[in-house]
Amino acid sequence: MAQYLPIVIMLVLGALFASGSFVASGLFAPRRPHRAKSAPYECGIVPRTELAERFPVRFYLVAMIFIIFDIEIIFLYPFAAAAGELGTFGVVEIATFALVVFIAFAYLVANGALSWGPKRGSSAPSGMGHIDLKELTALMVRGGHD
Amino acid sequence: MGSDPLLAGHIGWVVVLIVVIKVIVAFIAMMVSVLLAIWIERKVISDMQNRIGPNRAGPFGLLQSLADGIKLFFKEDLIPERSDKFIFKLAPYLSVIPAFLTFTLVPVGGIVHIFGHTTELQVADPPIGILLLLAMSSISVYGVMLAGWSSGSKYPLIGSVRASAQMISYEAAMGLSIASVVLLTGSLSTRDMVTQQLGTFFGFIPHWNIIRLGVIPFLVFIIAITAEVNRPPFDLVEAEQELVGGFHTEYSSIRFALFYLAEYMNTITMSAIMVTMFFGGPDGPDPSFLHWLWPIVWFIVKTAVFFFIYVWFRAALPRLRYDQLMDLGWKVLIPVMLVWLLVVAAMRVSRPLGFAMVGLGIVGGLLLYRAIAVGRDRSTARELARPARAELEPPRERREDHGDS
Chain A
204 MAQYLPIVIM LVLGALFASG SFVASGLFAP RRPHRAKSAP YECGIVPRTE LAERFPVRFY
264 LVAMIFIIFD IEIIFLYPFA AAAGELGTFG VVEIATFALV VFIAFAYLVA NGALSWGPKR
324 GSSAPSGMGH IDLKELTALM VRGGHD
Chain B
23 MGSDPLLAGH IGWVVVLIVV IKVIVAFIAM MVSVLLAIWI ERKVISDMQN RIGPNRAGPF
83 GLLQSLADGI KLFFKEDLIP ERSDKFIFKL APYLSVIPAF LTFTLVPVGG IVHIFGHTTE
143 LQVADPPIGI LLLLAMSSIS VYGVMLAGWS SGSKYPLIGS VRASAQMISY EAAMGLSIAS
203 VVLLTGSLST RDMVTQQLGT FFGFIPHWNI IRLGVIPFLV FIIAITAEVN RPPFDLVEAE
263 QELVGGFHTE YSSIRFALFY LAEYMNTITM SAIMVTMFFG GPDGPDPSFL HWLWPIVWFI
323 VKTAVFFFIY VWFRAALPRL RYDQLMDLGW KVLIPVMLVW LLVVAAMRVS RPLGFAMVGL
383 GIVGGLLLYR AIAVGRDRST ARELARPARA ELEPPRERRE DHGDS
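From first to last, the protein sequence lines stand for chains A and B.
All residue numbers in the first sequence are consecutive under the numbering used here, ending with 349.
All residue numbers in the second sequence are consecutive under the numbering used here, ending with 427.
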């Protein structure tokens, strides 16, 4: 374990540096709190709604698919480090393994699990048509104090 | 297996002292090179855009980044009221400490004798070697993710979710590309990677991994780490037009400075890792005097070249769209690198097996091409079916009030 000594020392030094910077900043920095400063940044508009905690489910999909590949990579590393001794057997073995993962991947792709962007050939969603621009502008100018 | 001869035997106080000196020197070198890197980046980009760039602080504006850093100490440190305070304060640590730790792996020079001890010119050479890099780059995803999530604001949240999806996607490609180097080296240690690349083919072509592996793993690696450290053209994390500042929108003062520092440190470290893995690290022509110095010089020159390439990317390439980014990562880099890795593994065993693997790779590629087309058709069909379904179903009641009333 002695080989990890420099890493531990670097860890301590890095943590000291980061916390030291915070202490220094606490000493030097001015403290003039204001409600507008601690409000969430919304390009100058006063925030009116609660934070939306929702985001597209695709991000979760990516995270799950990533786990598949990460596991594959984890298994690839021992093979890569010992490929010299394993010879033909190792290569056939790892190719079979990669094939199984690849078929799962091809299935995911064929289901559109990794298709993101604008769909080709589709028209704009019909939900946008009803917005009255004049009403919207009036609403924004009033700033919601109605 | 990698191991520093300094730490192999009995560890006395002299050894500890040498280790501490090495760590502190690396730390200071890292800080100075970040300051220089920011200056170089601003100068080079301003040159490419016909501007002058920073030129007030110090000769040629050299001290500009130092001045900026000092200024940030005197700025008010804001914590948004809706934030999760503990995680908000934790995130910069999670971002900056992995950046420091990754650099310990890089072999900077050859082997030297100091105070009667023999040591490698690199901070640490653990047996797990390059796995530490993968671990640290995974932890820095936490830094970005938690920073955005804990801010309690919409732009950082979206930026961090994007960032983490992007970083884990390209981490897979990066891992495969590193695996190909490990395959050739037969060891995870970065020092072994460098010693394996010494020597030449036919006396003049360097025996570097970029030539031994073919260029593909290098290309995959440079693209993957550009996305991994969120540099342009993959900087969707901080796409100003859409997301203000991305995950660090709510950060100010020294907390912001630490994120900035971590970003540049990661860029430099990744350039250095690239040099280590594909360009022989400190390998280079060695005139017969000052033996210990030349490897360091070659290492710094090569790393600087790659840092310049990053800056060049930023000046020359437009930012990708998010779907293009994800498609490039998942549907191009990962399959190509997987096939290439298997072909390299098979070619090392025997030629027939290697060509069989090439054939298998081509079949797999065609299959994937078809799968992508099918997937696109299916999601288009789903999208087209949506208005039709909306007509069949009764519309939901639309709420008339707007938010807070």
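The C-beta atom is built at its ideal place from N, Cα and C for all residues, glycine as well.
This structure is a prediction, so every number in the text was calculated from the model and none was measured.
A Cβ-Cβ contact shorter than 7 Å links Phe300(B) with Phe240(B).
In the DSSP assignment, Ile244(B) falls within the alpha helix (DSSP H) that extends over 238–250. Counting of Cβ neighbours within 10 angstroms places Ala338(B) among the exposed residues, the total staying below 16. For Glu285(B), the uninterrupted alpha helix (DSSP H) run begins and ends at 275–300, by DSSP. Distances from the CA of Lys111(B) to each of Pro209(A), Phe225(A), Pro233(A), Asn314(A) were compared; the closest alpha carbon is that of Phe225(A). Chain A has no Cβ within less than 7 Å of the Cβ of Phe240(B). Residues of the segment 357–386 of chain B that bring their beta carbon within less than 8 Å of a beta carbon in chain A comprise Pro357, Leu360, Leu363, Leu364, Ala367, Ala368, Arg370, Val371, Ser372, Leu375, Met379, Leu382, Gly386, in sequence order. Beta-bridge partners assigned by DSSP to Phe223(B): Ile227(B).
Under the DSSP assignment, Val134(B) falls in the beta strand (DSSP E) whose first and last residues are 133–136.
If you check the CB distance, Ile150(B) and Leu198(B) do not come in under 7 Å. Cβ-Cβ distances below 6 Å link Thr291(B) to Thr124, Phe125 in the same chain, with the five nearest sequence neighbours on each side left out; the list follows chain order.
DSSP places Thr141(B) inside the beta strand (DSSP E), whose first and last residues are 139–142. Val166(B) and Ala185(B) do touch by the CB rule: their CB atoms are close to 5 Å apart, below 8 Å. In the three-state DSSP reduction, Lys97(B) falls in the coil class, being neither helix nor strand. The Cβ atoms of Pro304(B) and Pro317(B) lie closer than 7 Å to each other. Taking C-beta atoms as the reference points, Ala298(A) and Leu205(B) fail to come closer than 7 Å. The beta carbon of Ala279(B) lies closer than 7 Å to those of Gly91, Leu94 in the same chain, with the five residues before and after it left out.
In this structure, Glu103(B) is the residue among Ala30(B), Ala59(B), Glu103(B) with its C-alpha nearest to the C-alpha of Arg238(A).
In the DSSP annotation of this structure, the continuous segment of the alpha helix (DSSP H) that includes Asp349(B) starts and ends at 344–349. For the options Ala48(B), Arg253(B), Asn231(B), Ser191(B), the alpha carbon positioned closest to that of Pro357(B) is the one of Ser191(B).
Within the same chain, Cβ atoms closer than 7 Å to the Cβ of Ile109(B) are found at Leu168, Ser172, the five residues on either side in sequence being excluded. Between Gln206(A) and Ser25(B) the beta-carbon gap is near 6 Å, inside 8 Å, which marks them as a contact. For Asp308(B), there is no enclosing alpha helix (DSSP H), since its DSSP letter is neither H nor E.
The DSSP assignment places complete beta strand (DSSP E) segments of no fewer than 3 residues inside the segment 103–136 of chain B at 133–136, in order along the chain. In the displayed model, Pro374(B) falls within a helix according to three-state DSSP. Close to Ala187(B), with beta-carbon spacing below 9 Å, are these residues of chain A in chain order: Arg261, Phe262, Val265, Ala266, Phe269. Look at Tyr164(B): its C-beta is not under 7 Å from any C-beta on chain A. Assigned with DSSP and collapsed to three states, Gln206(A) falls in helix.
Following the DSSP letters along the chain, one finds Thr271(B) in no alpha helix (DSSP H), marked with neither H nor E. Pro250(A) places its beta carbon less than 7 Å from that of Ala242(A). Rounded to whole angstroms, the gap between the alpha carbons of Thr207(B) and Arg64(B) is 38 Å.
About 6 Å separates the beta carbons of Val333(B) and Ile67(B), which is inside the 8 Å limit, making them a contact pair. Look at Phe258(A) here: in three-state DSSP terms it is coil, with no helix or strand label. With 16 or more other CB atoms across the displayed protein chains lying within 10 angstroms of its CB, Asp99(B) is buried.
In summary, the residues of the segment 94–119 of chain B whose CB is separated from some CB of chain A by less than 9 Å are Leu94, Phe95, Phe96, Lys97, Glu98, Asp99, Leu100, Ile101, Pro102, Glu103, Arg104, Ser105, Lys111, Pro114, Tyr115, Val118, Ile119, in the order they occur in the chain.
Where Lys240(A) is concerned, the enclosing alpha helix (DSSP H) starts and stops at 238–241.
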